[in-house]
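Enquirer: Below is a structure I'd like to ask you about.
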């Protein structure tokens, strides 16, 4: 009985001595967990966010770089196409003049009229005052051309068709004619057509 009592006393003493040690160990473990959590929250998480932000910036720069490459390729292609059709583009200054100098139209008009069995009596140009034009454009402006021709009515439709097939895209707006014919049986016709010019002197520069 004496020995058993002494053993129990020693166990109690051991528990009492180990109690503070266990408590200290638990506190240490808790502090370690808190420190680790703080490191994750204040160190690792911001680092991950920084990496994510950098990754997004890299992707944006890659997209911008790709867009610039595509634009450069498009400009190079357009430059090549311009050089290929440069002579055609140069002709636009005659088709749609900026100085209202319709030299190309005049140069072809007499031959066109003659080819269709008519003779050109006169031709005149004036500011457009018609109401048949409602198309809004940034550069092209309408202009009126009135021409007096004489010939047989049999060829009239061919003449009108040939006029509208000219490269400057004229549009026949009005046609009037005389009820009398000359000694050769020809009728006089007054034809009003609409042509276009560019209302900007520096447009082609």
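Residue numbers (this note's numbering): 20 to 224.
Think of the CB as a built atom: it goes at the ideal place given N, C-alpha and C, for glycine as much as any other residue.
In the DSSP assignment, the alpha helix (DSSP H) including residue 176 goes from what residue to what residue?
Expert: As a working note, residue 176 is residue 157 in the chain shown. Residues 175-183.
Enquirer: Can you tell me whether residue 211 is helix, strand or coil according to DSSP?
Expert: Numbered from 1 along the chain shown, position 192 holds the residue referred to as residue 211. Note: residue 211 maps to strand in three-state DSSP.
Enquirer: Quick check on residue 176: buried or exposed, where buried means 16 or more other Cβ atoms within 10 Å of its Cβ?
Expert: The residue given as residue 176 occupies position 157 in the chain shown. Label assigned to residue 176: exposed.
Enquirer: Can you list the beta strand (DSSP E) stretches of 3 or more residues lying completely in the segment 113-189, in chain order?
Expert: Whole beta strand (DSSP E) segments, 3+ residues: 137-146, 159-170.
Enquirer: Does DSSP classify residue 102 as helix, strand or coil?
Expert: Along the chain shown, read from residue 1 onward, the residue named residue 102 stands at position 83. Helix at residue 102.
Enquirer: I need the straight-line Cα distance from residue 164 to residue 83, nearest angstrom please.
Expert: Residue numbering aside, residue 164 sits at position 145 when the chain shown is read from its first letter. Residue numbering aside, residue 83 sits at position 64 when the chain shown is read from its first letter. If you take the alpha carbons of residue 164 and residue 83, they lie about 52 Å apart.
Enquirer: Looking at chain B, is there any beta carbon in it that lies within less than 8 Å of the beta carbon of residue 196?
Expert: Among the protein chains of the structure shown there is no chain B, as only one such chain exists.
Enquirer: Expressed to the nearest angstrom, what Euclidean distance is found between the alpha-carbon atoms of residue 154 and residue 131?
Expert: Start at 1 with the first residue of the chain shown, and residue 154 comes out as number 135. Start at 1 with the first residue of the chain shown, and residue 131 comes out as number 112. Approximately 28 Å between the Cα atoms of the pair.
Enquirer: Going by alpha carbons, who is nearest to residue 214 out of 197, 133, 128?
Expert: Reading the chain shown from its first residue, position 195 is the one you call residue 214. Nearest C-alpha to residue 214: 128.
Enquirer: Looking at residue 191 and residue 210, is the spacing between their C-beta atoms short of 8 Å?
Expert: Residue 210 sits at position 191 when you count from the first residue of the chain shown. Residue 191 sits at position 172 when you count from the first residue of the chain shown. Yes, Cβ-Cβ distance for residue 210 and residue 191 is below 8 Å.
Enquirer: Thinking C-alpha only, which one of 96, 143, 98 is nearest residue 119?
Expert: As a working mapping, residue 119 is identified with position 100 in the chain shown. For the residues 96, 143, 98, the minimum Cα distance to residue 119 belongs to 143.
Enquirer: Any idea if residue 91 is buried or exposed, counting beta-carbon neighbours within 10 angstroms, 16 or more meaning buried?
Expert: For the purposes of this step, residue 91 is taken as the residue at position 72 of the chain shown. Counting Cβ neighbours within 10 Å, residue 91 comes out exposed, since fewer than 16 surround it.
Enquirer: Rounding to the nearest angstrom, what Cα-Cα distance links residue 81 and residue 75 in this structure?
Expert: Numbered from its first residue, the chain shown carries residue 81 at position 62. Numbered from its first residue, the chain shown carries residue 75 at position 56. Roughly 10 Å between the two C-alpha positions.
Enquirer: Based on the DSSP output, what are the partners of residue 191 in its beta bridges?
Expert: Here residue 191 is taken as the residue at index 172 of the chain shown, counted from 1. In DSSP, residue 191 forms a bridge with 212.
Enquirer: Beta carbon of residue 205, beta carbon of residue 169: below 8 Å?
Expert: For the purposes of this step, residue 205 is identified with residue 186 of the chain shown, where counting begins at 1. For the purposes of this step, residue 169 is identified with residue 150 of the chain shown, where counting begins at 1. The answer is yes: Cβ separation under 8 Å.
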